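Residue numbers (my numbering): 523 to 693. Note that the Cβ used here is the ideal one computed from N, Cα and C, for glycine as well. Quick caveat: nothing in here was measured; it's all calculated off a predicted structure. The structure under discussion appears below in the form of structure tokens.
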Amino acid sequence: MMSQKMQDALNAQINAEWYSAYLYLAMNSYFTSVNLVGMATWMRVQTQEEMFHGSKMYDFVNERGGRAILHAIDQPPASWDSPLAVFENALAHEEKVTSLINDLVDLSMKERDHATTIFLQWFVTEQVEEEANASGIVCKLKMIGQDASSLFALDQELGQRVFTLPAPQAA
Ligand code: FEO
Numbered sequence: 523m524m525s526q527k528m529q530d531a532l533n534a535q536i537n538a539e540w541y542s543a544y545l546y547l548a549m550n551s552y553f554t555s556v557n558l559v560g561m562a563t564w565m566r567v568q569t570q571e572e573m574f575h576g577s578k579m580y581d582f583v584n585e586r587g588g589r590a591i592l593h594a595i596d597q598p599p600a601s602w603d604s605p606l607a608v609f610e611n612a613l614a615h616e617e618k619v620t621s622l623i624n625d626l627v628d629l630s631m632k633e634r635d636h637a638t639t640i641f642l643q644w645f646v647t648e649q650v651e652e653e654a655n656a657s658g659i660v661c662k663l664k665m666i667g668q669d670a671s672s673l674f675a676l677d678q679e680l681g682q683r684v685f686t687l688p689a690p691q692a693a
């Protein structure tokens, strides 16, 4: 059984993960509206990843004898100035999520909640990949600048992304 404080913090993170899903779905809509279908696909897969993150944390709270509480999800932005602005937003968002996960780990250690500390290690590792993905695309978009043919090549590349459910032992 986890403490109320730990439970409240995990419930706040469930909300943050579902907000992430909402944010990336809004980015999917933006890319669809400007006919960058590959980037739209990439964002749709990212949405699925965030829904998985939120669900994973939701299940853990309930498994530990806590009560997962679903809070209202904030409205994400609806438009951006450019593809680069979208991915810069995504990177800044992932850096913020990493900081939230780190705060959760700190709290679990302070509470001597070892099960939660171990559970959160998956998210710590996942955040390394989340930041690297967004950061890599930001770098490419900066190199591309205003070159339309390179932008469409990157769009095609990003459209190859597919959602795969993590293996049970890793999930
Ligand atoms: Fe759930 Fe993108 O971190």
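Beta-carbon proximity check, residue i vs residue j, cutoff 9 Å
i      : j      : result
Leu606 : Lys664 : yes
Leu545 : Pro599 : yes
Gln568 : Leu622 : no
Tyr541 : Asp596 : yes
Met523 : Gly588 : yes
Met565 : Glu539 : no
Ser525 : Glu648 : no
Glu572 : Ala594 : no
Leu642 : Lys662 : no
Leu592 : Asn537 : yes
Endpoints, alpha helix (DSSP H) assigned at residue i
i      : result
Ile659 : 636-666
Gln597 : Run containing Gln597: none; DSSP gives neither H nor E here.
Thr620 : 605-632
Thr554 : 526-555
Phe674 : 670-680
Met565 : 559-585
Residue from the options whose Cα sits closest to the Cα of residue i
i      : options                        : result
Ala637 : Glu648, Phe685, Glu585         : Glu585
Ser601 : Ile591, Gln668, Cys661, Ala612 : Ala612
Met561 : Leu547, Glu572, Val627         : Leu547
Val583 : Leu532, Gln682, Thr639         : Leu532
Ile666 : Asp530, Trp540, Trp564, Ser604 : Ser604
Val660 : Ile591, Asp628, Lys632, Phe609 : Phe609
Ile695 : Pro688, Leu626, Glu652         : Coverage of the chain is limited to positions 523 through 693, which leaves residue 695 absent and any answer about it impossible.
Phe645 : Pro688, Gln668, Ile591         : Pro688
Thr686 : Val556, Gln570, Thr554, Leu629 : Gln570
Does the region 640-660 come close enough to the region 615-623 that 3 or more CB-CB pairs lie under 8 Å? Contact between the region 615-623 and the region 640-660 is present, because at least three Cβ pairs lie under 8 Å.
Count the CB pairs spanning the region 673-687 and the region 560-580 that are closer than 8 Å, and state whether there are at least three. Yes, since at least three Cβ pairs between the region 673-687 and the region 560-580 fall closer than 8 Å, the two stretches touch.
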